[in-house]
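Just so you know, we're using our numbering here: the sequence shown kicks off at 503 and counts up by one.
Backbone N, C-alpha and C fix where the C-beta goes; we use that ideal spot for every residue, glycine too.
Structure first, then comments.
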Amino acid sequence: MVLVVRNDLKMGKGKVAAQCSHATLGCFQKACEQTPDAVDTWFSGGQAKVVCKCESADDLEELR
């Protein structure tokens, strides 16, 4: 799971941590419903999570 945080939003570390936690849980719930086999693989691999930053909404859109 890769989380990308927009740097231009100027959130504090606590806010970033909280938002990443919310996003992780939401992604997990959706994946359990839509791709349970992928969730099993993710669990087997140690539930890796990577957090990266980007500078703007435009940069984030380029990742899609």
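Output the distance between the C-alpha atoms of C534 and S546, rounded to the nearest integer angstrom. 14 Å
Between the CA atoms of G548 and L505 - distance to the nearest angstrom: 16 Å
Run through DSSP, which three-state label would K512 get? coil
8 Å Cβ cutoff met for R508 and C554: no
On the DSSP bridge list, what partners appear for C522? DSSP lists no partner for C522.
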